[in-house]
Structures are given as structure tokens and as C-alpha cells.
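> Numbering (my numbering), first residue to last: 4 to 145.
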Amino acid sequence: MSKIRCQYCHEYIDSSDYPAHEDEHLKLRSDGQQNEYVTLPPEERVEGDLEGVPTVYLHTKCGHATGMPDEITRSYLKNPYLYLADATFCTGCGKHVPLRECVWTETGEDLQSHIDRLRAEKPELRPGIFMRMLVAVVKMFQ
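Here it is in C-alpha cells:
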């Protein structure tokens with residue numbers, strides 16, 4: 004039987020069991036977040052000290068600050084195209100909000116400008132047109 008590496012926990016799962024396994028990661032917690040989010044495998048994430056890298060953002064519409072988990076920070080720094088939805092979870096609102104509505108508490112830069120800058124530095128990682136179109140369609144129905 005073939006195995007699939009889970010993009011959430013990075014364990015190898017039998018392909019026939021994967022849909023149910025993935026559903027567990029996507030279940031919503033009481034605060035509205037998924038149980039887990041997609042990340043790069045640990046061996047592919049940015050390593051080393053994250054000093055100077057912003058990790059707490061303020062949702063300007065509700066005024067609530069949210070901390071970004073280390074595994075997500077290290078993943079998007081390595082591949083700024085990993086999260087194409089251009090939204091992040093606000094613990095104050097209990098839902099995903101546009102990156103443009105959030106600013107890093109450490110720098111004052113909005114998250115959309117931050118990710119756009121990182122993407123401009125790594126154009127070779129930009130996904131193909133079909134993936135970008137799929138993300139755009141999904142965003143229309145959210």
C-alpha cells in the first residue's frame with residue numbers, strides 16, 4: 004500500500020487512510036482555529052535563531068494580538084508562497100482575516116506587505132497559474 008506524508012503532522016499515512024487522517028487536522032477547535040495547519044516538514048523549515056523576526060500581529064479591526072506559532076513562521080520564511088490564501092487567524096475575532104488588516108507589533112508593517120516582500124525575494128518558488136487560479140476560486144467561496 005502506498006503512503007502519503009501528511010502536510011500537517013508529517014507522518015507517513017496509508018493513502019487509503021489519509022482522507023480521514025487529514026479531516027482530524029482540519030477539525031475546528033473551540034476558538035475557531037483548525038487543529039493544525041499546513042507546515043513544511045521540520046527538516047525543510049528555516050533553522051536557527053528567529054531574533055528580529057516578527058511573531059505577534061495585531062488585527063487592526065478588533066485590536067487583538069495573536070502570536071504566530073514557530074513552525075508556521077519557519078515554514079513561511081522558507082517558502083512565502085506556502086500560504087496563498089493571504090489570510091491569518093485572529094484569536095480576537097475567532098476567524099481568518101485578510102493579512103492587510105493585521106500589523107506586526109514588533110515592526111508596524113502590515114502582514115500583506117511583509118509576505119509580498121518575502122515573495123519578491125523568492126520568485127522561483129511562485130506556484131503555477133493553475134494553483135493560483137484554484138486559490139482564487141476557493142477564496143471567492145469563503
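Each residue gets a CB set at the ideal place from its N, CA and C atoms; glycine is no exception.
(1) Around the Cβ of Asp-17, are there at least 16 other Cβ atoms within 10 angstroms (buried) or fewer (exposed)?
(2) Taking the Cβ atom as the reference point for each residue, do Thr-110 and Pro-72 lie within a distance shorter than 8 Å?
(3) Which class does Pro-101 belong to by DSSP, given the choice of helix, strand or coil?
(4) Alpha carbon to alpha carbon, how far is His-99 from Leu-61?
(5) Alpha helix (DSSP H) containing Leu-80: first to last residue?
(6) Using the three-state DSSP reduction, which class does Gln-115 fall into: helix, strand or coil?
Based on what the coordinates show:
(1) The residue in question, Asp-17, is exposed, as its Cβ has fewer than 16 Cβ neighbours within 10 Å.
(2) No, these two residues do not count as a Cβ contact at 8 Å.
(3) The answer is strand: DSSP assigns Pro-101 an E or B state.
(4) Their backbone Cα atoms lie some 13 Å apart in a straight line.
(5) For Leu-80, the enclosing alpha helix (DSSP H) covers residues 73 to 81.
(6) In the structure shown, Gln-115 sits in a helix (DSSP, three-state: H, G or I).
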